[in-house]
Amino acid sequence: MNWLRKDKHYGFPWRIGGNDTPMQYTPYDASQDKLVPAEALARNIFYNDPGYPARPSGVVFTEPIKNLGPDANWVRNPSNGQMYKGTEVTTFTGHRSPVGLVFDRDSTLQMPYTGSGFMLAHLPDGGGGYLPNEDSAGDVCQLKLVYDAANTNYKVNTTRLVTGFTKLTDAEKVGNIIYITDLLGNIWKMTLPKLVAPVTNFVAIQSDGCLNRFTFQNQSANEPMTYLWNFGDGTTSTEKNPVHQYANGGSYTITLTARNPQGSQVKQTTISLTDPYVINNPISGNADIRGPKVIQANNMVYSSANVIYKAQKHILLNPGFKVWECVSEWYWWL
Numbered sequence: 055m056n057w058l059r060k061d062k063h064y065g066f067p068w069r070i071g072g073n074d075t076p077m078q079y080t081p082y083d084a085s086q087d088k089l090v091p092a093e094a095l096a097r098n099i100f101y102n103d104p105g106y107p108a109r110p111s112g113v114v115f116t117e118p119i120k121n122l123g124p125d126a127n128w129v130r131n132p133s134n135g136q137m138y139k140g141t142e143v144t145t146f147t148g149h150r151s152p153v154g155l156v157f158d159r160d161s162t163l164q165m166p167y168t169g170s171g172f173m174l175a176h177l178p179d180g181g182g183g184y185l186p187n188e189d190s191a192g193d194v195c196q197l198k199l200v201y202d203a204a205n206t207n208y209k210v211n212t213t214r215l216v217t218g219f220t221k222l223t224d225a226e227k228v229g230n231i232i233y234i235t236d237l238l239g240n241i242w243k244m245t246l247p248k249l250v251a252p253v254t255n256f257v258a259i260q261s262d263g264c265l266n267r268f269t270f271q272n273q274s275a276n277e278p279m280t281y282l283w284n285f286g287d288g289t290t291s292t293e294k295n296p297v298h299q300y301a302n303g304g305s306y307t308i309t310l311t312a313r314n315p316q317g318s319q320v321k322q323t324t325i326s327l328t329d330p331y332v333i334n335n336p337i338s339g340n341a342d343i344r345g346p347k348v349i350q351a352n353n354m355v356y357s358s359a360n361v362i363y364k365a366q367k368h369i370l371l372n373p374g375f376k377v378w379e380c381v382s383e384w385y386w387w388l
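In structure tokens, the structure reads:
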């Protein structure tokens with residue numbers, strides 16, 4: 055499988071599927087070529103050809119897309135003719151006869167199928183000896199293409215979804231349904247889960263240690279692909295579950311927009327930060343309390359506690375504040 059681009063040469067007839075065509079090299083003895091199975095029905099199509107045209111000078115061939123598996127990735131060892139699973143095959147098992155290639159161009163399918171390709175493999179009568187027993191084809195495979203920037207090409211993960219077909223010919227995708235035809239006159243219908251617009255939801259969780267810091271836990275449904283947060287203080291984020299710290303007390307409206315190719319939805323909620331922040335409960339254990347500009351401490355601190363207060367402006371130890379005996383210095387003024 056090749057990504058067709060302007061001014062690219064894909065090697066035919068000198069290079070096919072990541073392999074050199076052997077007949078361009080003289081002398082060539084097909085009977086000794088382990089890539090041609092001895093039981094192949096048309097083995098004699100490969101022969102010594104001294105008149106085979108020479109490669110064009112100065113032309114760089116573009117290699118096919120590499121298949122990372124886990125399926126349709128069987129290759130033949132040129133040394134002994136044995137089949138094995140490759141880690142990067144260009145592109146599919148030889149002689150699978152790919153047909154009926156369709157793509158989810160309109161992103162109507164749920165993950166993990168969103169944007170994928172779907173390829174049929176025709177199962178010939180007997181296979182002619184070329185199609186290996188390890189990969190009998192007659193199936194529908196999912197193709198997940200990933201761009202490889204380092205090599206300016208794509209790679210593909212190929213996964214078999216349905217098998218057991220015979221003589222498949224073509225396919226057509228309509229919405230979330232793929233219609234499949236074969237030479238026997240059958241029309242098959244493969245229904246995949248349909249992607250719908252997201253339902254946006256989240257909760258804001260205030261930090262115990264830093265009272266002006268919030269973790270926003272995203273609970274949106276229906277497979278959103280992008281998120282846009284507005285924290286109400288002039289800052290935004292595109293993370294799925296961001297953490298945000300406010301500089302000042304006040305009331306803030308948080309907005310989350312979740313989006314996928316089928317639509318978007320917005321949810322808002324309001325949080326309030328009291329400034330000054332008043333602490334009234336006794337503290338008997340360790341605590342690291344960080345507020346907005348001002349913290350007013352009205353509580354007791356027991357001797358077993360180790361407490362740190364942090365505020366951006368100052369800390370007020372109000373009347374009634376009491377520290378029990380045997381307490382060290384635990385207070386920071388910023």
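In our numbering, each residue carries its 1-based index in the sequence shown increased by 54. Note that the Cβ used here is the ideal one computed from N, Cα and C, for glycine as well. Predicted, not measured: the structure shown is a model, and the values here were computed from it.
**Asked** For Gly154, which option in Phe270, Tyr233, Gln322 has the closest C-alpha, if you only look at C-alpha atoms?
**Response** Tyr233
**Request:** Pull up the CB-CB distance for Leu222 and Ala175, whole angstroms please, since I reckon it's below 8 Å.
**Result:** 7 Å
**Local Cβ density within 10 Å of Trp387, reported as buried at 16 or more and exposed below that** = With a pLDDT of only 39 at Trp387, under the threshold of 50, the placement of this residue in the model should not be trusted; the figure read from the coordinates follows. Result: exposed.
**Asked** Identify the residues that DSSP records as bridge partners of Lys62: which are they?
**Response** The partner list for Lys62 (beta bridge, DSSP) is empty, contrary to what the question assumes.
**Prompt:** Which two residues bound the contiguous beta strand (DSSP E) that contains Val200?
**Reply:** 193-202
**Prompt:** Along the chain, which unbroken stretches of the beta strand (DSSP E) at least 3 residues long are found entirely within the region 271-301?
**Reply:** 280-284, 297-299
**Prompt:** By how many angstroms is the C-alpha of Ala225 removed from the C-alpha of Asn284?
**Reply:** 44 Å
**Item:** Closest by C-alpha distance to Asp189, when choosing among Ala301, Lys60, Leu163, Gly123
**Value:** Gly123
**Asked** Using 8 Å as the Cβ pair cut-off and three pairs as the minimum, do the region 300-311 and the region 273-290 touch?
**Response** yes
**Message:** Would Arg109 and Gln78 be called neighbours here (beta carbons separated by less than 9 Å)?
**Reply:** yes
**Prompt:** Which residues in the same chain have their Cβ closer than 6 Å to the Cβ of Thr269, if we skip the five residues on either side of it in sequence?
**Reply:** Ile259, Val297
**Request:** For my contact list, Ser274 and Pro252 are in at a C-beta cut-off of 8 Å; report their separation, rounded to the angstrom.
**Result:** 5 Å
**Cα-Cα separation between Asp158 and Lys227, rounded to whole angstroms** = 8 Å
**Asked** How many angstroms separate the CA atom of Thr144 from the CA atom of Ser151?
**Response** 14 Å
**Request:** Would you mind sorting Lys120 into buried or exposed? The rule is 16 or more other CB atoms within 10 Å of its CB.
**Result:** buried
**Request:** Within the same chain, show all residues whose beta-carbon is closer than 6 Å to that of Val129, passing over the 5 residues directly before and after it, in chain order.
**Result:** Gly140, Val143
**Item:** Chain-order list of residues whose beta-carbon lies under 6 Å from that of Thr235 (same chain, five-residue window excluded)
**Value:** Thr223, Asp224, Ile241
**Asked** Could you give the distance in angstroms between the alpha-carbon of Ile99 and the alpha-carbon of Pro107?
**Response** 17 Å
**Request:** Work out the CA separation of Leu163 and Asn230 for me, nearest whole Å.
**Result:** 6 Å
**Prompt:** In the DSSP assignment, what residue or residues form a beta bridge with Asp160?
**Reply:** For Asp160, which the question treats as bridged, DSSP gives no partner whatsoever.
**Prompt:** Roughly how many angstroms separate the alpha carbons of Asp83 and Val250, rounded to a whole number?
**Reply:** 58 Å
**Message:** Can you give me the C-alpha to C-alpha distance between Tyr208 and Gly317, rounded to a whole angstrom?
**Reply:** 28 Å
**Message:** Going by C-alpha to C-alpha distance, which of Glu293, Val156, Trp68 sits closest to Phe172?
**Reply:** Val156
**Asked** Going by C-alpha distance, which of Thr217, Ser291, Gln86 is nearest Asn102?
**Response** Gln86
**Prompt:** For the candidate residues Asn314, Val114, Asp193, whose alpha-carbon lies nearest to that of Thr212?
**Reply:** Asp193
**Request:** Report buried or exposed for Thr24, applying the criterion of at least 16 other Cβ atoms within 10 angstroms of its Cβ.
**Result:** Lying outside 55 to 388, the shown extent of the chain, residue 24 is not represented and no answer is given.
**Message:** In chain order, what are the residue ranges of uninterrupted alpha helix (DSSP H) at least 4 long that sit wholly in the region 121-174?
**Reply:** none
**Request:** Output the boundary residues of the beta strand (DSSP E) element that contains Val114.
**Result:** Where Val114 is concerned, there is no enclosing beta strand (DSSP E), given that its DSSP letter is neither H nor E.
**Prompt:** Using CA coordinates, which residue listed in Pro67, Tyr306, Leu310 is at the minimum distance from Asn295?
**Reply:** Leu310
**Asked** How would you call Tyr306, buried or exposed, if buried means at least 16 neighbouring beta carbons within 10 angstroms?
**Response** buried
**Asked** For Val90, is the classification buried or exposed, using 16 other Cβ atoms within 10 angstroms of its Cβ as the cut-off for buried?
**Response** buried
**Asked** Got a sec? Which residues, its chain only, sit under 6 Å from Val257 by beta carbon, not counting five neighbours each side?
**Response** Gln271
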